[in-house]
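Everything below concerns the one structure shown next.
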Amino acid sequence: MSRTSEPIATIFDIQRCALHDGPGIRTNVFFTGCPLRCVWCHNPESQGFDTSLSYKAQLCRGCQGCAAVCERGVHTFVHDGSKVVHKVDHNKCNACGKCVSVCCYGAIELVNKQYSVSELIKEINIDIPFYSEGEKGGVTFTGGEPMLHVGFIKAFADQAPDLHLCMETCGYASKDDFLRILPNIDLFLFDYKITDRQKHRIYCGTDNDKILENLDFLYQNGAEIILRLPIIPSVNDDEEHFAGIADILRRYPRIDHAQIMPYHTLGDEKVDRFGLSNKHRSFETPSKEMVDQWLVRFSDLGVKNIWLS
Amino acid sequence: MNKFKVHNKRKNLQFEIDFTKSYRIAIQNFTHPAQIELACMKAQYPAIFHPIQQEDLLAGRVQMGIVGLGIQHQTGGFGFYMNEEEVVKELEFGSGDAQYREDLHDMLTFWKGRNTTTVVLNNTPENIRPLIFSDNWRGLPLPASPILRMAGAFLDFDKLVKIGLPGLQQEVAAFRQKAIETNGDVILFDCMLELLTLVQDMCHYYAKQAKNLADSETNPVRKQQLTNMHVALEHIRDHAPRTMAEGLQLVWIYGLMTPAIEYGRLDEYIGDLYVSDIEEGRLTEDEAVELTKSFFRLIDHLDCETDGRIIVGGYGRRNPENADRMCLVAIEACRQVKEVLPQFTLRFNKDTPAKVWQASQRCIEEGRTYPLLYNDDVLVPGVMEAFSVDRQRAETYMPLGCGEIEFDHYSIGSPNGSMNTLKILELAMRGGYEPMTQWTLGPKTKPLSECHSFEEFLSYYKQHLTAYIEAQADFEAYEYEITGKIHPFMMVTMLYDGCIEKGKAIFDGGCAYLAGTLELYGNVNAANSLAAIKKCIFDEKKFSCEELESALRNNFFGKEPLRKALMDAPKYGNDDDYVDSIFVDLHNFLSETIRKQAPRVGLASYLAVTINNAQNTTLGRWVGATPDGRKSGMPMANANNPAPGTDKRGLTAMINSILKPSHANHAGMVSNFRFTRENFNNSREKMWGIMNSYFNRGGAHAMISVVGSEELKNAMERPQDYGDLIVRVGGFSARFVDLKKDVQMEIYNRVTY
Numbered sequence: 087m088s089r090t091s092e093p094i095a096t097i098f099d100i101q102r103c104a105l106h107d108g109p110g111i112r113t114n115v116f117f118t119g120c121p122l123r124c125v126w127c128h129n130p131e132s133q134g135f136d137t138s139l140s141y142k143a144q145l146c147r148g149c150q151g152c153a154a155v156c157e158r159g160v161h162t163f164v165h166d167g168s169k170v171v172h173k174v175d176h177n178k179c180n181a182c183g184k185c186v187s188v189c190c191y192g193a194i195e196l197v198n199k200q201y202s203v204s205e206l207i208k209e210i211n212i213d214i215p216f217y218s219e220g221e222k223g224g225v226t227f228t229g230g231e232p233m234l235h236v237g238f239i240k241a242f243a244d245q246a247p248d249l250h251l252c253m254e255t256c257g258y259a260s261k262d263d264f265l266r267i268l269p270n271i272d273l274f275l276f277d278y279k280i281t282d283r284q285k286h287r288i289y290c291g292t293d294n295d296k297i298l299e300n301l302d303f304l305y306q307n308g309a310e311i312i313l314r315l316p317i318i319p320s321v322n323d324d325e326e327h328f329a330g331i332a333d334i335l336r337r338y339p340r341i342d343h344a345q346i347m348p349y350h351t352l353g354d355e356k357v358d359r360f361g362l363s364n365k366h367r368s369f370e371t372p373s374k375e376m377v378d379q380w381l382v383r384f385s386d387l388g389v390k391n392i393w394l395s
Numbered sequence: 223m224n225k226f227k228v229h230n231k232r233k234n235l236q237f238e239i240d241f242t243k244s245y246r247i248a249i250q251n252f253t254h255p256a257q258i259e260l261a262c263m264k265a266q267y268p269a270i271f272h273p274i275q276q277e278d279l280l281a282g283r284v285q286m287g288i289v290g291l292g293i294q295h296q297t298g299g300f301g302f303y304m305n306e307e308e309v310v311k312e313l314e315f316g317s318g319d320a321q322y323r324e325d326l327h328d329m330l331t332f333w334k335g336r337n338t339t340t341v342v343l344n345n346t347p348e349n350i351r352p353l354i355f356s357d358n359w360r361g362l363p364l365p366a367s368p369i370l371r372m373a374g375a376f377l378d379f380d381k382l383v384k385i386g387l388p389g390l391q392q393e394v395a396a397f398r399q400k401a402i403e404t405n406g407d408v409i410l411f412d413c414m415l416e417l418l419t420l421v422q423d424m425c426h427y428y429a430k431q432a433k434n435l436a437d438s439e440t441n442p443v444r445k446q447q448l449t450n451m452h453v454a455l456e457h458i459r460d461h462a463p464r465t466m467a468e469g470l471q472l473v474w475i476y477g478l479m480t481p482a483i484e485y486g487r488l489d490e491y492i493g494d495l496y497v498s499d500i501e502e503g504r505l506t507e508d509e510a511v512e513l514t515k516s517f518f519r520l521i522d523h524l525d526c527e528t529d530g531r532i533i534v535g536g537y538g539r540r541n542p543e544n545a546d547r548m549c550l551v552a553i554e555a556c557r558q559v560k561e562v563l564p565q566f567t568l569r570f571n572k573d574t575p576a577k578v579w580q581a582s583q584r585c586i587e588e589g590r591t592y593p594l595l596y597n598d599d600v601l602v603p604g605v606m607e608a609f610s611v612d613r614q615r616a617e618t619y620m621p622l623g624c625g626e627i628e629f630d631h632y633s634i635g636s637p638n639g640s641m642n643t644l645k646i647l648e649l650a651m652r653g654g655y656e657p658m659t660q661w662t663l664g665p666k667t668k669p670l671s672e673c674h675s676f677e678e679f680l681s682y683y684k685q686h687l688t689a690y691i692e693a694q695a696d697f698e699a700y701e702y703e704i705t706g707k708i709h710p711f712m713m714v715t716m717l718y719d720g721c722i723e724k725g726k727a728i729f730d731g732g733c734a735y736l737a738g739t740l741e742l743y744g745n746v747n748a749a750n751s752l753a754a755i756k757k758c759i760f761d762e763k764k765f766s767c768e769e770l771e772s773a774l775r776n777n778f779f780g781k782e783p784l785r786k787a788l789m790d791a792p793k794y795g796n797d798d799d800y801v802d803s804i805f806v807d808l809h810n811f812l813s814e815t816i817r818k819q820a821p822r823v824g825l826a827s828y829l830a831v832t833i834n835n836a837q838n839t840t841l842g843r844w845v846g847a848t849p850d851g852r853k854s855g856m857p858m859a860n861a862n863n864p865a866p867g868t869d870k871r872g873l874t875a876m877i878n879s880i881l882k883p884s885h886a887n888h889a890g891m892v893s894n895f896r897f898t899r900e901n902f903n904n905s906r907e908k909m910w911g912i913m914n915s916y917f918n919r920g921g922a923h924a925m926i927s928v929v930g931s932e933e934l935k936n937a938m939e940r941p942q943d944y945g946d947l948i949v950r951v952g953g954f955s956a957r958f959v960d961l962k963k964d965v966q967m968e969i970y971n972r973v974t975y
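So the sequences go chain by chain: A and B. Sequential numbering of the first sequence, starting at 87, is according to our numbering. Sequential numbering of the second sequence, starting at 223, is according to our numbering.
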């Protein structure tokens, strides 16, 4: 099948040997693009579809090879006291890749690569022998928002019918898309971020009507679901949201369990890496005691099937 | 140099001087090597013994001399040895009277030309010398180097424990009689008998010491331990061991004097005694563990860095049920004695009891790095083919040292040469020319710049490799032959199959299966370099050979785009057949060419080993910039693992790559894995699932490091060495070295013991 006739998707990472994103040993495929704009997002580079320049300052050796080949002035080296510092202006970058082709230290990369279905299948083939060890593993589609790539994922699933497929989704997609993909997905990891509709719009960029409708739709149509709960101190660790979570789990008793994902700042390094400082907000990292308290509160609300990711 | 872990080390070289005097007298009075060896053994023991220490439950500590009789570098030295540097240091900085200093000078000049290493090197046959001309791999850019030693003796401790010293004496005496009747080497037998008497005397030596210590000991627990030691030592002097303590003590004294640094199938040779002690109420489980721990600490006190193998589990044990019970004791002792040695090794297979496997897993998860895991179900069939032996023999395979395979008390396959396949590639690229020293070595072939195709260059590279392999094989056979004429190594001879029966010393016709092994370094980098040459120069014509040569000569200075293109070429460890097929082809070529040498040089087998020690770093020091993008002097890849930082597709791809080479044509290949402790704490079934997938699909060996905060600290300081370390925290996996410093600190602080 020639590449031109196959669906193509832009993928920004493939993480192998993932142990926490579904059953067994899995391969996480990270798709670009997301309809939401959650302020705590730890993959902010995935929100848009563009190819992004990634610059890791800690690997830069200051050889200035990138500055020599860049025609747009993205890379400059300036004096800061006795040191020479490498500054990157992401706004000027058009992702031509010239600097990547001269950096021998891995400090510069272009993120977001296009894959055809058969190219992705080739990547997954590397991991297939591992899926059958112990608990059955498989592929988890995540990102970004994989539901933006339903056509691609469907074509992939059709070519690999024996694979266990997990879909990690924020739930913001058309019902038709969920209808289309439902037969191919063995497990949904479904995000439930904020209960209050207005608050959802403020913190995530959209309200949650569609999301709740889709959750209901999937549930009523027999989907296997695990609820994923990002909890961010001072944003959604309030009583209303916790009660909302308890309510969801009561209403949908077949949901296997919910996983709490405490906020972390590991996405902060991407701010500098991708030049996203104007979009980024930082929050308090919850302590172990705080997280323990959350679990106590859920227990008090009568929720049994909730634990830490 | 080992720093033997003893209190009150000798402060001067008087022992060495006395040893030299004894040797001088011996060579005046005797001509038979066995007589000379015996005299040296008497001069050495008990002179180099050290007292029983407070924590010992078994007797026997040693500090090998700067001069003395040993069997390999880690036992003081090879044969009659002198550590010249240390003697000179003593002359320059030590104190002592005029006689002492005169004796030191005498000793220095006496051994300069007579030490076994020099004798072997100086008599290297002419045909070998053009390629094998120095063992100074530390200071010279050698493509190949001889290693002067006889490594890997796995003595028949099972036999020793069963029949004891008297039983061995009887056997030797019986065959001595036969030697008289058949005009055999009676002197050899006489010396062996006297040597066994010396061993008995050493038992008595320590027995007396234990008694004296017991008499003056006030602590009742310690007093009892010392008394037990005394009783055991006196008993094994004249009887076969009855108990686990006696068995271990006999093995230890005999091994110490051999001097042996491999302690083999502990579960087999001690299992029966352990079980009978437990069942007859002589010992509790805890006491058995304590005894084993003491045994392990004593192995560790030898401080030999490598070797020190204890091998448990696997097919081919005489007494698998009892051995499996002892196995659990041994694993527990390994778990508790957190030292570098022994190199605790588990041979596992489909029949390994679940308890043994679980105990091993627990040990590894706690960060011990032991047991090293060897997969019998892959290795036994592989060894059958590589060594051309039957199943029964193959089941007795034993990895020595850093991983070379031999057969328990049957074969010696001493790795007496090392070859730097990356350096040889460098030479082949320049038609045999070495710019650092201006040598021209090896066959006269065209340099890369004159080759019209990749296949043409590859054929020249293989010609160079073949030349060194043939020279190394010649050297191996020669080293055995000349060593066999000087050193009977009677302690080894008496506990190796067939030697006593034949009446011949181990390296003088006694060994039933005399094998050799050749250590290979640089294979992964060489394969990566070949792939880069093929892709960048011949397939895609990105630049010319001249441009490549110029960039390499200047260590890529100012040539970053060219270097990047080389670095971006396919690399082994990413499940990419473009380069993996080149690696497999190279591996097979090396393995088969090496293997073919055996009949030509008169060895039972001669096989490649790709093993795990620091040589990938030390030998990389004198290799210039290479076409895989590696900079001048930088370390080469370790064993069968990808070059650091080049495995970009993660663990599963790496595993797929390292599964590709065959295990049926070499004598040992090592693979390392490194995981974080947290992964094991949180997802241990999945982690072991990954390892099971590896083993089930042909994985022969695994050394698993489970990394805790110490390693994370090192990773923060030296990120270039820890590119493959993935951490999992919260809902996020990342390469640890990619994270910002403060995040690294946070993760570091989170890791708990």
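Even for Gly, the Cβ is constructed at its ideal location relative to N, Cα and C.
**Prompt:** Are B:Ile634 and B:Leu736 touching if we call contact CB-CB under 8 angstroms?
**Reply:** A contact, by the Cβ cut-off of 8 angstroms.
**When A:Ile207, A:Val197, A:Cys190 are compared against A:Phe135, the one with the closest alpha-carbon** = It is A:Val197 whose Cα lies nearest to the Cα of A:Phe135.
**Request:** Go ahead and label A:Asp295 buried or exposed: buried means 16 or more other beta carbons lie within 10 angstroms of its beta carbon, across all protein chains shown.
**Result:** So A:Asp295 counts as exposed.
**Message:** Using beta carbons (cut-off 8 angstroms, strictly below), is B:Met789 in contact with chain A?
**Reply:** It does; some Cβ of chain A falls within 8 angstroms.
**Request:** Check distances from the C-beta atoms of the segment 131-142 of chain A to those of chain B and list, in chain order, the residues that come in under 7 angstroms.
**Result:** Sequence-ordered contacts of the segment 131-142 of chain A with chain B read Lys142 [C-beta pairs closer than 7 angstroms].
**Request:** For chain A, find out if any of its Cβ atoms is closer than 8 angstroms to the Cβ of B:Phe940; answer yes or no.
**Result:** Position check: residue 940 of chain B holds Arg in this sequence, whereas Phe was assumed. By this cut-off, B:Arg940 is not an interface position.
**Residues from the segment 206-219 of chain A in contact with chain B, defined by Cβ distance under 7 angstroms** = The residues in question are Ile212, Asp213, Pro215, Phe216, Glu219.
**Asked** Of all Cβ atoms in chain B, is any one closer than 8 angstroms to the Cβ of A:Arg367?
**Response** By this cut-off, A:Arg367 is not an interface position.
**Message:** Tell me the rounded alpha-carbon separation between B:Glu588 and A:Leu381.
**Reply:** Answer to the nearest angstrom: the Cα atoms are 29 angstroms apart.
**Cβ neighbour criterion (16 or more within 10 Å) applied to B:Ile912** = Buried.
**Item:** Residue-level contact to chain B via CB, A:Val188, 8 angstroms cutoff
**Value:** Proximity of A:Val188 to chain B, defined by a Cβ-Cβ separation below 8 angstroms, is satisfied.
**Cross-chain neighbours of B:Ala748 in chain A, by beta carbon under 8 angstroms** = Correct list: empty, because the minimum Cβ distance to chain A is about 20 angstroms.
**Request:** Say whether chain A places a C-beta atom closer than 8 angstroms to the C-beta of B:Gly952.
**Result:** Reliability fails at B:Gly952, whose pLDDT of 42 lies under 50, so the model's placement of it is uncertain and the value that follows must be treated cautiously. Yes, its Cβ sits closer than 8 angstroms to a Cβ of chain A.
**Asked** A:Cys127 to A:His327, Cα distance in whole Å?
**Response** Going from the Cα of A:Cys127 to the Cα of A:His327 covers about 19 angstroms.
**Message:** Is there a C-beta anywhere in chain B that falls below 8 angstroms from the one on A:Arg147?
**Reply:** Not closer than 8 angstroms to any Cβ of chain B, the Cβ of A:Arg147 fails to qualify, so no.
**Other residues of its chain near A:Ala243: CB distance less than 7 angstroms, five sequence neighbours each side excluded** = For A:Ala243, where only same-chain residues beyond five positions count, the Cβ hits under 7 angstroms are Leu251, Asn270.
**Item:** 8 angstroms contact criterion, which A:Ile100 and A:Thr118 should meet: CB distance rounded
**Value:** Actually they do not touch by this definition, with Cβ atoms about 13 angstroms apart.
**Prompt:** If you check the beta carbons only, do B:Val831 and B:Pro665 fall under 8 angstroms apart?
**Reply:** Against a cut-off of 8 angstroms, the Cβ pair of B:Pro665 and B:Val831 comes out as no contact.
**Request:** Can you give me the Cβ contacts of B:Asp380 inside the same chain, cut-off strictly under 6 angstroms, excluding the 5 residues immediately before and after it?
**Result:** Here the set comprises Glu490, Tyr491.
**Prompt:** Would DSSP call A:Asp166 helix, strand or coil?
**Reply:** A:Asp166: strand per DSSP, three-state reduction.
**Cα-Cα separation between B:Glu403 and B:Val453, rounded to whole angstroms** = So the alpha carbons of these two residues sit roughly 40 angstroms apart.
**Request:** Please list, in chain order, all residues of the same chain as B:Ala616 whose beta carbon is under 6 angstroms from its beta carbon, the five residues on each side excluded.
**Result:** Cβ neighbours of B:Ala616 beyond the five flanking positions: Val602, Val605, Met606.
**Request:** Return the CA-CA distance between A:Leu105 and B:Val959, expressed in angstroms with no decimal places.
**Result:** So the alpha carbons of these two residues sit roughly 20 angstroms apart.
**Asked** Quick one: what's got a C-beta closer than 8 angstroms to A:Arg314's C-beta in the same chain, skipping five residues either side?
**Response** If we look at A:Arg314 and ignore the five residues flanking it on each side, its Cβ neighbours are Glu254, Leu275, Phe276, Asp277, Tyr278, Ala344, Gln345, Met347, Ser395.
**Request:** Return helix, strand or coil for B:Leu770, following the three-state DSSP convention.
**Result:** Note: B:Leu770 maps to helix in three-state DSSP.
**Asked** Who are the Cβ neighbours of B:Gly953 in its own chain at under 6 angstroms, not counting the five residues just before and after it?
**Response** Because B:Gly953 sits at a pLDDT of 38, beneath the cut-off of 50, its placement in the model cannot be relied upon, and the point is left open.
**Prompt:** the segment 859-879 of chain B: which residues have C-beta closer than 7 angstroms to a C-beta of chain E, in chain order?
**Reply:** Going by chain labels, chain E is absent from the structure shown, which instead holds the protein chains A and B.
**Distance, B:Cys624 Cα to B:Met466 Cα** = When rounded, the distance between both Cα atoms is 29 angstroms.
**Prompt:** Would you say the segment 198-210 of chain A touches the segment 803-821 of chain B, given that touching needs at least three Cβ pairs under 8 angstroms?
**Reply:** The segment 198-210 of chain A is not in contact with the segment 803-821 of chain B.
**Prompt:** Going by C-alpha distance, which of A:Ile267, A:Asn211, A:Cys185 is nearest B:Glu782?
**Reply:** Taking the Cα of B:Glu782 as reference, the smallest distance to any Cα among A:Ile267, A:Asn211, A:Cys185 is reached at A:Cys185.
**Message:** From the DSSP secondary-structure annotation, give me the bridge partner or partners of B:Ile627.
**Reply:** DSSP lists B:Pro621 as partners of B:Ile627.
**Chain-ordered neighbours of B:Ser681 on chain A, where CB pairs are closer than 9 angstroms** = Per Cβ cutoff of 9 angstroms: no residues; B:Ser681 is ~31 angstroms from chain A at best.
**Message:** Quick check on the DSSP output: what are the complete beta strand (DSSP E) runs of length 3 or more inside the segment 808-895 of chain B, in order along the chain?
**Reply:** For the segment 808-895 of chain B, whole beta strand (DSSP E) runs of length 3 or above, ordered along the chain, are 827-831.
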